[in-house]
Structures are given as C-alpha cells and as structure tokens.
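Just so you know, the sequences run in chain order A and B. Heads up: the first sequence begins at 560 in the numbering used here, then just goes up one per residue. Heads up: the second sequence begins at 10 in the numbering used here, then just goes up one per residue. All C-beta atoms in this analysis are idealised placements derived from N, C-alpha and C, irrespective of residue type, glycine included. Input: a single structure, listed below in structure tokens.
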Amino acid sequence: MSFLHIHNVHKRFGDTHVLKGIDIAIEKGDFLVLVGPSGCGKSTLLNMIAGLDAISEGELLLNGERINDLHPSRRDIAMVFQSYALYPSMTVAGNIGFGLEMRKVPKAKRREAIQRAAELLQIENLLNRKPAQLSGGQRQRVAMGRALVREPQLFLFDEPLSNLDAKLRVDMRTEIKQLHQRLGTTIVYVTHDQIEAMTLATRIAVMRGGELQQLGTPQSVYDDPNNLFVAGFMGSPSMNLVTARITRQDGALVARIASANNEVTLPIVRDRAALEAWCDRDVMLGLRPEAITDPASANREDGEIHEAELEVALVEPTGADLYVVTRLGGRSINARMRPGAPLSPGQSTRFAFDVSRMVAFDPETEARIRDETDATTQVTARPAALGQNV
Amino acid sequence: MSKPPSSRGFGERLQHWLPRLVLSPSFVLVLFFVYGFILWTTYISFSNSGMLPDYTWAGTRQWSRLWSSWTWGIALHNIWVFGLLYIVTCTALGLLLAILLDQRIRAEGTLRTIYLYPMALSFIVTGTAWQWFLNPGLGLERTMHSLGWESFSFNWLIDANMAIYTVVIAAVWQATGFIMAMFLAGLRGIDGEMIKAAQIDGAPAWKIYLRIIIPQLRPVFLSAIVVLAHLAIKSFDLIVAMTGGGPGNATAVPATFMYSYAFSRNEMGIASASAVFMLAVIAALIIPYLYSELRESRS
Ligand SMILES: Nc1ncnc2c1ncn2[C@@H]1O[C@H](COP(=O)(O)OP(=O)(O)OP(=O)(O)O)[C@@H](O)[C@H]1O
Ligand SMILES: [Mg+2]
C-alpha cells in the first residue's frame with residue numbers, strides 16, 4: 560500500500576475536461592515533482608490533493624484512507640503557495656501559529672512550536688514583523704514555516720520559488736532539499752523549472768494536457784523517456800531529435816541520418832529487438848547533447864562510442880562547457896564538448912556519438928520504440944511505478 | 010516653464026497658451042464663486058448682517074448668539090445622532106451585503122444593480138418617496154389597515170422623539186448599496202490563495218472574515234466613513250423633502266438651521282457663522298484623509 564495514491568482522478572470544470580485520469584502512487588518520504596507546460600493541470604491536481612477543488616471522478620488515498628470528501632483542514636496536509644499567501648494583518652509569529660491556534664493548541668505549546676520552526680528556517684529575528692516588512696526570500700521562509708510548524712503528513716508546494724530572483728531560487732532550492740532530507744517528509748511539488756524538478760525529486764511526474772506522460776525517478780525520466788514530449792521537455796539544452804532511417808548494414812541494424820551534404824550511420828545497440836520491426840522505415844532519433852562529445856572526452860567505459868567527421872556551424876561557450884552546433888539530417892545538433900577545445904565555425908572536426916544512450920520514437924504516434932525488457936527493468940526499479948500510460 | 014521665444018511660429022505659441030486659455034475661465038470662476046464666497050461668508054459671520062449684508066464689524070457677536078441658540082443645540086444633537094447611526098448602520102449593512110454577495114451567488118449582477126439604484130436617485134426624490142411611504146395617512150400604515158391589520162401603527166414620522174430615525178432609515182436605504190459596492194471591490198481584491206491557506210489552516214469561514222479579510226479592508230472602512238461623514242453633514246435636501254426639519258425642530262440639523270436663519274429668519278450673520286462652522290468640521294475630516302491618500306499614491 561503506497562502512502563499517497565492518486566487513483567484514476569478526473570477533473571471537469573463544466574464542459575472542460577482538465578484532468579483525464581491521473582494515476583500516481585508515492586511512498587512515505589518521497590519527493591514527487593509535477594512538471595509540465597502551463598495549463599496542463601498541475602495546480603488543479605495539487606488543489607485536489609489539498610481539498611480546495613472537488614474531485615470529479617476517481618479516488619484519493621492518503622495512508623490507505625479515502626480522503627476525497629474530507630475538508631482541507633482535516634487532511635493533515637500543509638500547502639505553500641506561489642504568492643506565499645501570508646496574512647498581512649498578522650505578525651510573522653501570528654502567521655506561523657495561525658494553524659495551531661485554529662486547532663486550539665495551548666498558547667505555551669504554540670509558542671514553542673513557532674520558535675522551533677523559526678529556528679529551523681533562521682527567521683527568529685523576524686517573528687514580530689509584519690509580512691509587508693519582509694523581503695521576498697523572507698516571505699518565502701515564513702510561508703514554509705507556516706507549513707512546517709504543524710508537522711503534517713504531506714506537504715504541497717505550488718511553484719514556491721517562481722517569484723524569487725535566480726540566485727535566491729538556487730539557494731532556496733538547496734535549502735528545501737536539505738529540509739526534505741533532514742525531516743524525511745513527503746512532498747508534492749509543482750514547478751515549471753525542470754532543473755528544480757531534476758535536483759529535488761525522488762519521483763517526477765511529467766504531465767501534458769491533463770494526462771500523465773511519465774512517472775519515474777529523475778534519471779529514468781531523463782535517460783529513458785516514454786515519448787517525444789517527455790524527451791523534449793526534460794533537459795536543458797534539450798535533447799537532439801533528428802529523423803533517421805533504420806536499415807541493415809553487414810547484417811547489423813543501423814540508423815542512417817542523411818541530408819544533402821553529409822551522412823552519418825550509427826549502429827543500433829539499444830532497443831535492438833523493437834527496432835528490428837522498423838527496418839527500412841523512418842524513426843525519430845534522440846540523443847542528449849552530453850552524449851555527443853569530442854573524441855577525447857568521450858566515455859568509452861560505460862558507453863559505446865561511434866565517431867563521425869562533421870562541420871562546426873556554431874560555437875557557444877558557457878564557461879563550464881562548450882556547446883558545438885552542427886547540421887545533421889536537416890536539423891541543428893547540439894554537442895557538449897570540453898571547454899577550450901580549439902574549434903571555430905566552418906571547420907571540420909570529429910564528433911563522438913555515445914550510441915548506447917540513443918533513443919528512438921515513432922514519428923507518427925510520438926511513442927518510444929523500446930524493448931520489452933528495457934521497459935520492465937525500469938518498472939522493477941520501483942514497484943510503485945504506475946501510470947506508464949501512452 | 011520657459012518663456013516662448015518670439016522666433017517660434019504662431020502654432021507653437023498657440024499650443025503653449027491654449028491650455029491656459031481654456032482653463033482660465035473656470036479657474037477664475039472657481040476662485041471667485043467658491044473661495045471668494047468662503048471668505049465673504051467668513052467675514053459676514055463677524056459682521057452685523059441681518060436680512061441684508063451689513064459690513065460693520067461686530068466681532069464674535071454672531072458666534073456667541075449662535076452658540077447660545079436653543080435650535081442650534083438641537084441641530085448639533087441631531088447631527089450627532091443622525092451621523093453616528095447613519096455611518097455605523099451603512100457601514101455594517103454595506104459590509105454584510107458585500108460579504109453575502111461575495112459568496113459567488115448566481116444573481117449577483119442583478120442584485121448589485123438593485124442595491125446600487127437608490128444612489129442614482131437625488132436626495133429630494135428619496136426624501137419625498139420615504140415621506141409618502143412613512144406618512145401614516147398615505148403609506149405603510151394605511152396599507153396595513155386596508156389589508157385588515159387595523160391595530161398596526163407606525164407614526165415615527167410625526168413623532169418628535171422618533172422623526173430623526175425615519176431620516177436615518179431613508180438615508181441608510183440610499184447609501185448602503187454604494188457602500189456595499191465599495192466593500193465588494195475591496196473583497197474582490199483579496200488574494201484567493203490567502204483564503205485557501207486559511208482553509209487549510211483550519212479556520213471556519215466566519216473566522217477567515219474576522220481575522221484575515223476584514224483587517225485588510227481598513228482602507229475601505231476609512232473611505233466609507235469619510236464619504237458617509239461628509240454626506241451626513243451635508244444632508245440638507247433629504248431632510249427638507251422628508252420632514253422639513255420638523256415636527257417642530259425635531260429633525261433640524263446644522264444645514265437646515267443655516268438655511269432657515271439665512272432665508273426665513275433674516276439672520277444672515279448667525280447663518281454665516283453656522284456655515285463656517287460646518288465647513289471647518291468637514292475640512293477637519295477631509296483634509297487629513299486627502300493628505301494621507303495623496304501621500305500614499307505618491308510613494
Ligand atoms: N475554475 C476553473 N474553471 C475552468 N477552467 C479552469 C479553472 N481552473 C483552471 N482551469 C483550467 O484548467 C487547466 C489547468 O489549470 P492549472 O491551473 O491546473 O494549470 P497549471 O498546470 O497549474 O498551469 P501553470 O503552470 O500555468 O500554473 C487550464 O487550462 C485552466 O484554464
Ligand atoms: Mg499552476
């Protein structure tokens with residue numbers, strides 16, 4: 560029995576079908592991150608878990624108990640909002656203690672709990688201020704304090720960092736991660752930011768248009784996407800996607816990426832059984848930028864490297880890395896190379912493709928072409944992985 | 010602003026002067042008819058004026074006559090009773106109606122319009138309508154009698170002790186919708202996430218209003234009270250239309266006092282003194298309010 564089980568949940572606002580049967584199960588202590596483009600229903604799902612929106616269809620189980628019809632205050636959850644939603648007429652201490660006060664916790668105990676939460680978040684010196692006298696980061700901490708102080712079973716965060724500037728956002732991200740590790744709480748967290756999703760989550764749920772696209776560990780969602788949408792949505796810079804023809808060469812299955820002025824043939828090593836059926840047909844190939852490198856920094860131990868000579872179209876240094884853009888199969892392909900590599904546009908150089916990380920998609924349905932065994936290894940990594948739909 | 014050099018064309022010079030030209034007549038008129046007459050009235054209140062203006066200086070004679078006048082005492086007492094009841098009832102009812110309308114009920118648009126309509130009527134119409142309605146021989150009481158409720162009696166309008174409350178009822182009826190609209194706008198401005206947070210915190214609806222929403226409406230309360238206070242002090246037409254200040258002097262207020270002393274009792278000096286006093290009270294209310302509002306909007 561999982562700790563939080565969202566079972567075939569639907570949401571309709573009148574005629575609009577916003578959530579179309581979501582299935583997610585997580586364990587105690589998990590950090591579930593919901594990601595997806597704007598309007599895909601992340602906040603709606605979170606509000607339904609909180610009890611702020613009614614569930615149109617389906618079941619919500621917390622700790623084995625059906626909580627569909629329980630009032631928000633009886634669900635033993637706490638929520639941190641994007642706008643922080645602090646009560647402007649109360650002091651910081653009043654804000655943090657309001658939930659306890661409503662639950663008739665005696666004053667002395669309340670003060671103790673407020674003090675403890677404030678220490679944890681390092682806002683003891685702000686307890687007597689009003690929210691208007693706080694900076695954005697401090698307000699964020701107060702909002703977290705208000706959630707922490709009640710020691711609920713489940714925390715819900717709706718884009719809590721999106722109103723902070725870039726530097727503070729990174730700091731708070733680290734802090735939330737530390738808090739999660741220290742307190743071992745269960746968290747459901749909504750974000751737009753897929754770096755936030757990758758760094759914080761123990762489980763990621765990628766959503767689109769009210770449907771769950773994939774649920775899995777950050778690594779599995781990143782390395783083993785279920786479909787083209789997930790592949791393109793996760794990761795920055797995003798995955799290189801290019802059309803290729805699957806053919807047989809000297810008895811082995813290969814992918815041929817051809818365009819007017821060049822051609823690259825890559826051996827197929829992953830999902831080989833499934834791709835047999837695609838022989839002499841076009842597929843969409845996906846390769847992450849870090850799986851295309853210069854030969855010197857290629858990882859030959861774990862990967863399977865195949866080299867090809869290509870022309871450099873553009874060089875983008877970021878300091879830590881050097882992104883090199885080349886043209887392949889009519890598309891721009893981004894490769895991550897060692898910084899300081901002496902490359903300039905127009906020059907030809909050798910690119911090393913790690914074909915063991917290559918994934919293929921059906922260009923029509925956009926679904927992943929994947930071996931049965933490959934899919935099962937992913938599921939056994941975590942038995943609770945439901946909802947592998949699409 | 011720099012002086013326009015003569016080398017500029019006619020069009021440019023016109024553009025420079027046109028706004029001043031257009032505004033200056035109204036500026037002169039306001040200067041003369043508003044501020045000029047304020048000064049004139051103030052002077053008259055220190056003069057010997059009776060039926061006609063008389064510019065001989067009389068010191069504070071008119072002022073001491075005003076303050077020893079029995080009717081002025083009644084007028085002040087009435088404005089207190091009227092103003093206090095009017096402001097408190099309007100604010101409380103307006104807030105209550107706004108909260109009820111804020112529950113996302115279906116007919117909200119229609120109801121809001123219905124509540125706002127009275128504000129569109131002039132005070133004279135309101136006063137006359139309520140005078141008919143509360144007149145024992147014409148309105149409510151007579152209707153009840155003709156419906157068979159013979160013992161029904163509601164004669165506050167002609168009862169010297171109660172007449173002032175009928176004015177309060179009519180004035181509240183007129184202004185409540187407007188105050189409700191002010192509160193409704195304030196309620197709509199409150200962050201919905203805050204209410205969700207309070208729900209999760211376990212606060213029942215009445216506590217959410219009491220502890221979280223109403224404290225945030227403080228600026229609306231302030232505006233409502235200032236608007237109502239100056240309406241109360243200016244409440245002249247309503248009383249004239251409804252009771253004419255009577256029965257006797259029972260519903261006299263400073264505005265009707267001033268009017269009757271200036272135009273029927275030929276005591277211009279006392280009337281001016283009472284007018285200046287009213288101006289001073291309104292100014293004491295409005296100026297700090299405007300000052301704080303302007304300072305806020307600037308920062
Ligand atoms: N009260 C409502 N009535 C009708 N439609 C609604 C209502 N609330 C939300 N929606 C619709 O439901 C969809 C999902 O909204 P939701 O707020 O959950 O998106 P989201 O994934 O949180 O987006 P964002 O990332 O922009 O916050 C949207 O298309 C929205 O228009
Ligand atoms: Mg949202």
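9 Å Cβ cutoff, residue i in contact with chain A
i: B:D210; result: yes
i: B:E202; result: yes
i: B:P224; result: yes
i: B:I221; result: yes
i: B:I205; result: Correcting the residue identity first, residue 205 of chain B is Lys in this sequence and not Ile. Judged by the 9 Å Cβ criterion, B:K205 is in contact with chain A.
i: B:K243; result: no
CB contact check: residue i to chain B, cutoff 9 Å
i: A:P631; result: yes
i: A:A950; result: Residue 950 of chain A lies beyond the range of chain A shown here (560 to 949); nothing can be said about it.
i: A:Y646; result: yes
i: A:S561; result: no
i: A:R859; result: no
i: A:A637; result: yes
i: A:N606; result: yes
i: A:R804; result: no
i: A:D779; result: Checking the displayed sequence, the identity of residue 779 of chain A turns out to be Ser instead of Asp. By this cut-off, A:S779 is not an interface position.
i: A:M843; result: no
i: A:R890; result: no
i: A:M649; result: yes
i: A:R675; result: no
i: A:M703; result: no
i: A:G573; result: no
Three-state secondary structure assigned by DSSP to residue i
i: A:L774; result: strand
i: A:N858; result: coil
i: A:V780; result: helix
i: A:S907; result: strand
i: B:E21; result: helix
i: A:S818; result: coil
i: B:W66; result: strand
i: B:L27; result: helix
i: B:M189; result: helix
C-alpha gap between residue i and residue j, whole angstroms
i: A:E770; j: A:D717; result: 18 Å
i: B:L217; j: A:R929; result: Residue 217 of chain B is actually Ile in this sequence, not Leu. Cα-Cα distance, rounded: 53 Å.
i: A:S642; j: B:R113; result: 23 Å
i: A:A644; j: B:D200; result: 7 Å
i: B:T119; j: B:I234; result: 26 Å
i: B:R74; j: B:V176; result: 28 Å
i: A:G598; j: A:R571; result: 14 Å
i: B:I83; j: B:W26; result: 53 Å
i: A:Q753; j: A:V664; result: 39 Å
i: A:V842; j: A:L787; result: 11 Å
i: A:L738; j: A:L715; result: 14 Å
i: A:V874; j: A:A725; result: 25 Å
i: A:G695; j: A:L727; result: 9 Å
i: B:D111; j: A:R700; result: 31 Å
i: B:T100; j: B:A206; result: 28 Å
i: A:P854; j: A:V823; result: 16 Å
i: A:R941; j: A:V592; result: Unreliable positioning characterises A:R941 in this predicted model, as indicated by a pLDDT of 39, which lies under 50. The coordinate reading is nonetheless provided below. Answer to the nearest angstrom: the Cα atoms are 16 Å apart.
i: B:F19; j: B:L30; result: 15 Å
i: A:I565; j: A:R762; result: 14 Å
i: A:S602; j: A:F912; result: 39 Å
i: A:E860; j: A:S915; result: 11 Å
i: A:L774; j: A:S797; result: 19 Å
i: B:W72; j: B:R22; result: 52 Å
i: A:E925; j: A:I626; result: 36 Å
N- and C-terminal bounds of the alpha helix (DSSP H) containing residue i
i: B:V90; result: W79 to L110
i: A:M661; result: V651 to M661
i: A:V594; result: No alpha helix (DSSP H) contains A:V594, which is instead part of the beta strand (DSSP E) from F590 to V594.
i: A:N606; result: K601 to A609
For residue i, the first and last residue of its enclosing beta strand (DSSP E)
i: A:R675; result: Taken as a continuous stretch (DSSP letters only), A:R675 belongs to no beta strand (DSSP E), being part of the alpha helix (DSSP H) at K666 to L680.
i: A:H751; result: Unbroken run through A:H751: none, as it is neither H nor E.
i: A:Q992; result: This structure cannot settle anything about residue 992 of chain A, because the visible part of chain A is limited to 560 through 949.
i: A:M544; result: Beyond the ends of chain A as shown, which are 560 and 949, falls residue 544 of chain A; an answer cannot be given.
i: A:K570; result: L563 to F572
i: A:A894; result: R890 to M896
i: A:Y882; result: L881 to L887
Check: residue i C-beta below 8 Å from any heavy atom of ligand 4
i: A:V749; result: Ligand 4 is not among the ligands present in this structure, which contains only ligand 1 and ligand 2.
**Request:** Let me have the residue list for ligand 1: C-beta closer than 5 Å to any non-hydrogen atom, ordered along the chain.
**Result:** A:F572, A:V577, A:S597, A:G598, A:C599, A:G600, A:K601, A:S602 and A:T603
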